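J.: In our numbering, the protein residues as written are 7 to 136. For every residue, glycine included, the Cβ atom is placed at its ideal position computed from N, Cα and C. These figures come from a predicted structure and were not determined experimentally. Structure in structure tokens, see below.
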């Protein structure tokens, strides 16, 4: 299981998130004519830790999670639910053992063409590699 697959399954197992977006959690991009609110996620970077002998079997990818909504209030509610579920989390995520999840950065964007609000949150997820 990849970190992206594990993350999606983890988010879908959180009632507070599902209550807001249902199963509308997508890798990288929204589908054409999406229903809002929704979440997209993508790996922005990936760092694999090394020791003198070689790979350490640990990774620290940066995962960008976008909370999309047609109102600012709903966008904040979705982003807050994601933050509450992830920031500070340590434990199982799918079949991966997560040592820590840290919210590293967040900012808001209004997507003029789509007329949608978006909050982007960058998380660093330190985990053992499968």
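1) Ordered along the chain, which non-local residues of its own chain (more than five positions away) have a Cβ less than 7 Å from that of residue 116?
2) Helix, strand or coil for residue 79 per DSSP?
3) If you drop the 5 nearest sequence neighbours on each side, which residues of the same chain put their C-beta closer than 6 Å to that of residue 107?
4) Note down the Cα distance separating residue 77 from residue 26, rounded to an integer number of angstroms.
5) Would you mind working out which of 86, 32, 125, 10 sits nearest residue 22, comparing C-alpha positions?
6) Beta-carbon within less than 6 Å of residue 110's beta-carbon, same chain only, minus the 5 sequence neighbours each way: which residues are those?
7) Using CA coordinates, which residue listed in 7, 13, 135 is at the minimum distance from residue 69?
8) Please confirm whether residue 74 and residue 42 have their CB atoms less than 7 Å apart.
9) Indicate the three-state DSSP secondary structure (helix, strand or coil) for residue 21 in the structure shown.
T.: Taking the geometry as given:
1) 123
2) helix
3) 92, 95, 129, 131
4) 13 Å
5) 86
6) 128, 130
7) 13
8) yes
9) helix
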